[in-house]
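Undergrad: Provided herewith is a single structure, encoded as structure tokens, for subsequent inquiry.
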Amino acid sequence: MRILSRALLVLGSVALLVGLVAGVVNRQVLDGGRFAGHVDAVREDPQVARQVGLLVTERILAQEPDLTGLRPLLESASAALVASPALGPVVRGTVAPLHDALTSDDDGQVILRLADVGALLVAAITTLVPQTEAAIPSDLDVTLASIGAQEFTGDLIGAADDVAMLAEVLPVLGLLMLVAAGALDRRGWRGAVRATGTGALGAAGALVVLLLVASWWASRLEDDSIRDALVGAAWRELDGSFWAVAGVVAAAGLLMRVVASPGLDLDPATLASRGWRTLSVAGTTPRTELFRGGALVLVGGLTVMRPLLVLSLVGGIAGVVLVLIGVRSLLRVGVAWWVARRPDRVRRDRERLVARAGPIAALAGAVALVAAFVVGAWPAGRDLPAFSATDGTACNGHRELCDRRFDEVSYAGTHNSMAAADQPGWFLAEQPYGILRQLDDGIRVLLIDSWNGQRTQRPDVIANAGVDRKKALAEARATYGTRVLESALRVRDALDLTPTGPVRPYLCHALCELGSTDWEPLMAQVKTWLDRHPREVVTFFVQDEVSPEDTAALVKRAGLASYVHTPVEGQPWPTLGEMIDSGRRVVFLLENASGGPENPWLIDARTAVQDTPYSFRRPSQFTCTRFRGPADASLFLVNHWLSNFDSRVTDAAKVNAEDVLGPRLKACEAERGQRPNFVAVDYYDRGDLLGAVDRLNGVS
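For what it's worth, this note's numbering labels the leading residue of the sequence shown as 4, then goes sequentially.
Rendered as structure tokens:
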């Protein structure tokens, strides 16, 4: 029996180890969304970007040898472009069908390529060296992988199926074998729990050894080839998930060993004493001494290689122990109360029940720990401090603004508010964060573009619907130029998109394939935000390709009908305080139409707003000349951004700076004889937008 028990213990540990590795692969690689995210993160790795940049440069020089003198510039620009956020949506969108080809039985061929490198690189290089524009091929593609219609594709699909199966079966099989090993030892429940804990510790220890070896091997890779750079970056991207699994399983195994120990005492001093004695006192048998020495080598090596990881694991284990001590105390009190209310026969078992409270608590904690890891997530964020009002009587953050009419206040605004870098699928973003985050940060005027779109066979890609498509193509060509537009459409063609399903309103910057936001769910989220911020007045300035009727219906479905302000002809704007008190604190402006008598709250911006031009390439071109709208319009929009798609972030940092934005606003106020009400910028987090608006309002 002992031999069979030990064999089951070893086999169970091995099965658990393989199952854990398969589980991480299944979760992090075979899951489409995570796979795309990991590939995009690998793309941004400096060594990978450098190697891909070298590959791009070689492609360019092979076609245009006369550019050899610019090789350092080409290499630098190519590497920076490959690692830039601009390629993020393209890579994530192109990787998804590649993932499908790897994990589904599809005989079509999908090519993973950076289809936009040529067009984007043309813009980046010609900004510095204009005469190279004609020499660089704008249709340059960098093919990274070609999957499908190949002999090895079937093997990959089979391997993916095997991994998914192993991830589901082996952990359960391993745990069953470990429990059986303990049961054969004839030690009751303690034997089963102890064997399970021992197997979990063994699997975690073996995984740590494998991780240390893999980390050592990855650190020795020479980053002078794209293969080594990709392998090293991929390991650095994924190894954190393996370490997390090893830590959780080791903690669970340790807890189970503690549960199975006779005379269990969860007192912190006792646990610390037992732990130190285990580490410092030599084992009584060669086997225990071998186990102790191996554990010390593993922990010591891990501490040298990953000190912060060890510190976080120790802190996590300490936290779990403290929670278990607290749970045990609560269980003791609960069991004592329950027994006190029962007949004498049950009361005689009081000591036995109370004594088992500790093991029950520890075992429950171990199970909960594993379950939490399986179903939970490890979130991370880097949010900036959110905008907030000073008190419950303020209006848009300042009490001084409450008595001013809507048209006597200046508001921070964002241009193309929906095109945000942190939102999935947006190409050539013009803001750092989505609309809800913008509201949190103090943006109160949102310039958005509405278009009718349709879903495609890719649920995350929208195409312009019907007759809108021709107009969207023309606008995108005028905005981005032919090269970038053709580049984006090559990505679309590679995905073989087909518009299907009902037509719905989306927020797109012209061509919805370049990025889209489903408008109605967003407005429902805005409604929730407004409910949480009852003293904020918000304006939507819509470049409307969606009809006023459809826009009105959408706003009503989102629950915002009771929030919108309806102007009264011939009467001045209400004060912010009046708008807040009435609840009518959302202003809707349409650039191309009005709501008519059916929806008078959809205000015609062609008569209500006057603005400035907006097609500037350099700060020196800024002007305050009236561009659209009548001279007597009560609202004044200052368009303050540069239209260079390849340098939007640095341009925003330059023109949003206090010494550029502030003087322009003052100049426009003096020239037009009217306060700038809406100040719209790109990348609002750069520069001093909020400060400039506060100075216009005379608040701080």
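All C-beta atoms in this analysis are idealised placements derived from N, C-alpha and C, irrespective of residue type, glycine included.
For a test of the three-state rule: what should DSSP assign to R538, helix, strand or coil?
TA: Within the sequence shown, the letter at position 535 stands for residue 538. Note: R538 maps to coil in three-state DSSP.
Undergrad: Does the pairing of the segment 613 to 630 with the segment 585 to 605 give three or more beta-carbon distances under 8 Å?
TA: Because the criterion of three Cβ pairs below 8 Å is not met, the segment 613 to 630 and the segment 585 to 605 do not touch.
Undergrad: Please name the residue, chosen from W454, A527, T199, that lies closest to L19 on a Cα-to-Cα basis.
TA: Working through the sequence shown from its first residue, we reach residue 19 at position 16. The shortest C-alpha separation from L19 is found at T199.
Undergrad: Provide the residue span of the beta strand (DSSP E) that contains I446, from first to last.
TA: Working through the sequence shown from its first residue, we reach residue 446 at position 443. I446 -> no beta strand (DSSP E), and no H or E assigned at all.
Undergrad: Taking only runs of the alpha helix (DSSP H) that begin and end inside the segment 573 to 644, which ones reach a length of at least 4 residues, in chain order?
TA: Complete alpha helix (DSSP H) runs here, min 4: 579 to 585, 608 to 611.
Undergrad: Run the CB neighbour count on Y436, radius 10 Å, all protein chains shown included, and call it buried at 16 or more, exposed below.
TA: The residue you call residue 436 lines up with position 433 of the sequence shown. Its Cβ being crowded by 16 or more others within 10 Å, Y436 is buried.
Undergrad: Can you tell me whether DSSP reads F430 as helix, strand or coil?
TA: As a position in the sequence shown, residue 430 is number 427, starting the count at 1. The answer is coil: DSSP assigns F430 none of H, G, I, E or B.
Undergrad: Are the CB atoms of D452 and C511 nearer to each other than 8 Å?
TA: As a working mapping, residue 452 is identified with position 449 in the sequence shown. As a working mapping, residue 511 is identified with position 508 in the sequence shown. Taking 8 Å as the Cβ cut-off, D452 and C511 qualify as a contacting pair.
Undergrad: Hey, L187 and S315 are a contact pair by Cβ (cut 8 Å); roughly how many whole angstroms apart?
TA: Here residue 187 is taken as the residue at index 184 of the sequence shown, counted from 1. Here residue 315 is taken as the residue at index 312 of the sequence shown, counted from 1. Wrong, their Cβ atoms sit about 37 Å apart, outside the cutoff.
Undergrad: Would S332 and V696 qualify as a contact pair, given that the criterion is a beta-carbon distance under 8 Å?
TA: Taking the first residue of the sequence shown as 1, we reach residue 332 at position 329. Taking the first residue of the sequence shown as 1, we reach residue 696 at position 693. No, these two residues do not count as a Cβ contact at 8 Å.
Undergrad: Which value, in whole angstroms, describes the spacing of the CA atoms of D43 and L664?
TA: Within the sequence shown, the letter at position 40 stands for residue 43. Within the sequence shown, the letter at position 661 stands for residue 664. Rounded to the nearest angstrom, the two C-alpha atoms are 35 Å apart.
Undergrad: By the 10 Å Cβ neighbour count, where 16 or more other Cβ atoms means buried, how is V307 classified, buried or exposed?
TA: Here residue 307 corresponds to residue number 304 of the sequence shown, with the count starting at 1. By the 10 Å Cβ count, V307 comes out exposed.
Undergrad: Can you tell me the Cβ-Cβ gap for Y687 and R651, rounded? I've got them flagged as a contact below 8 Å.
TA: Counting from one through the sequence shown, the residue named residue 687 turns up at place 684. Counting from one through the sequence shown, the residue named residue 651 turns up at place 648. Not a contact, Cβ separation roughly 12 Å.
Undergrad: Find the nearest neighbour of T417 within the set V21, V45, F681, L57, judged by alpha-carbon distance.
TA: The residue given as residue 417 occupies position 414 in the sequence shown. Selected option, being the one with the closest Cα: F681.
Undergrad: Going by Cα to Cα distance, which pick from A221, F591, L301 is closest to G209?
TA: Residue mapping note: residue 209 aligns to position 206 of the sequence shown, counting from 1. With the sequence shown as reference, residue 209 is identified as Ala, and Gly is not the correct amino acid for it. Looking at the Cα atoms, L301 is the closest of the given residues.
Undergrad: I need the straight-line Cα distance from S420 to D165, nearest angstrom please.
TA: Locating residue 420 in the sequence shown gives position 417, where the first residue counts as 1. Locating residue 165 in the sequence shown gives position 162, where the first residue counts as 1. So the alpha carbons of these two residues sit roughly 45 Å apart.
Undergrad: Of the residues L58, V684, G676, F639, which one's Cα is nearest the Cα of V658?
TA: For the purposes of this step, residue 658 is taken as the residue at position 655 of the sequence shown. Nearest C-alpha to V658: V684.
Undergrad: Quick check: the Cα distance between A232 and L293, rounded to an integer number of angstroms?
TA: Position 229 of the sequence shown, counting from 1, holds the residue named residue 232. Position 290 of the sequence shown, counting from 1, holds the residue named residue 293. Approximately 38 Å, taken between the alpha carbons.
Undergrad: Less than 7 Å separating the Cβ of D165 from some heavy atom of the ligand GDP?
TA: Absent from the structure shown: the ligand GDP. Ligands present: none.
Undergrad: Rounded to the nearest angstrom, how far is the Cβ of F245 from that of V27, given a contact under 8 Å?
TA: The residue given as residue 245 occupies position 242 in the sequence shown. The residue given as residue 27 occupies position 24 in the sequence shown. Yes, F245 and V27 are in contact; Cβ-Cβ is about 6 Å, under 8 Å.
Undergrad: Is the CB-CB distance between A556 and M526 below 8 Å?
TA: Here the question's residue 556 lines up with position 553 in the sequence shown. Here the question's residue 526 lines up with position 523 in the sequence shown. No; because the gap between Cβ atoms is not below 8 Å, this pair is not in contact.
Undergrad: Give the C-beta separation of F625 and I606 to the nearest angstrom, bearing in mind that I take them to be a contact with Cβ-Cβ under 8 Å.
TA: Taking the sequence shown and counting its residues from 1, the one referred to as residue 625 is at position 622. Taking the sequence shown and counting its residues from 1, the one referred to as residue 606 is at position 603. So it is not a contact: roughly 27 Å between Cβ atoms.
Undergrad: Would you please state the rounded distance, in angstroms, between the beta carbons of L14 and M180? I believe it to be under 8 Å.
TA: As a working mapping, residue 14 is identified with position 11 in the sequence shown. As a working mapping, residue 180 is identified with position 177 in the sequence shown. The pair is a contact, with the Cβ atoms about 5 Å apart (cut-off 8 Å).
Undergrad: Which of the three DSSP states, helix, strand or coil, is assigned to D547?
TA: Taking the first residue of the sequence shown as position 1, residue 547 is located at position 544. Strand, per DSSP.
Undergrad: For my contact list, L543 and L449 are in at a C-beta cut-off of 8 Å; report their separation, rounded to the angstrom.
TA: As a position in the sequence shown, residue 543 is number 540, starting the count at 1. As a position in the sequence shown, residue 449 is number 446, starting the count at 1. Contrary to the premise, residue 543 reads as Phe rather than Leu in this sequence. Correct: roughly 5 Å between the Cβ atoms.
Undergrad: How about L258 and L204: do their beta carbons lie closer than 8 Å?
TA: In the sequence shown, counting from the first residue as 1, residue 258 sits at position 255. In the sequence shown, counting from the first residue as 1, residue 204 sits at position 201. No.
Undergrad: Just how far apart, CA to CA, sit D553 and P508?
TA: In the sequence shown, residue 553 corresponds to position 550, counting from 1. In the sequence shown, residue 508 corresponds to position 505, counting from 1. Distance between the alpha carbons of D553 and P508 is about 8 Å.
Undergrad: Sort L23, A183, K530 by Cα distance to I438 and report the nearest one.
TA: Residue numbering aside, residue 438 sits at position 435 when the sequence shown is read from its first letter. Out of L23, A183, K530, K530 has the C-alpha closest to the C-alpha of I438.
Undergrad: Please state the DSSP three-state secondary structure of D452.
TA: Position 449 of the sequence shown, counting from 1, holds the residue named residue 452. Of the three classes helix, strand and coil, the one that applies to D452 here is strand, per DSSP.
Undergrad: Measuring only the C-alpha atoms, how far is W522 from D584?
TA: As a first step, residue 522 is located in the sequence shown; it is residue number 519 there, counting from the start. As a first step, residue 584 is located in the sequence shown; it is residue number 581 there, counting from the start. Rounded to the nearest angstrom, the two C-alpha atoms are 27 Å apart.
Undergrad: Does the segment 573 to 589 come within contact of the segment 394 to 414, defined as at least 3 CB pairs closer than 8 Å?
TA: Short answer: they touch.
Undergrad: Please classify D142: does DSSP put it in a helix, a strand, or coil?
TA: For the purposes of this step, residue 142 is taken as the residue at position 139 of the sequence shown. For D142, the predicted structure reports a pLDDT of 47, less than 50, and the residue's modelled location is therefore unreliable. The matter cannot be settled from this model.
Undergrad: Mind checking who I465 pairs with in its DSSP beta bridge?
TA: The residue you call residue 465 lines up with position 462 of the sequence shown. DSSP, once it has assigned bridges, lists R458 as partnering I465.
Undergrad: Leaving out five residues on either side along the sequence, give the residues of the same chain with a beta carbon under 7 Å from the beta carbon of N647.
TA: Within the sequence shown, the letter at position 644 stands for residue 647. Contacts found: R620, D654.
Undergrad: Would V641 be called buried (16 or more neighbouring beta carbons within 10 Å of its own) or exposed?
TA: Along the sequence shown, one-based indexing puts residue 641 at 638. Burial call: buried.
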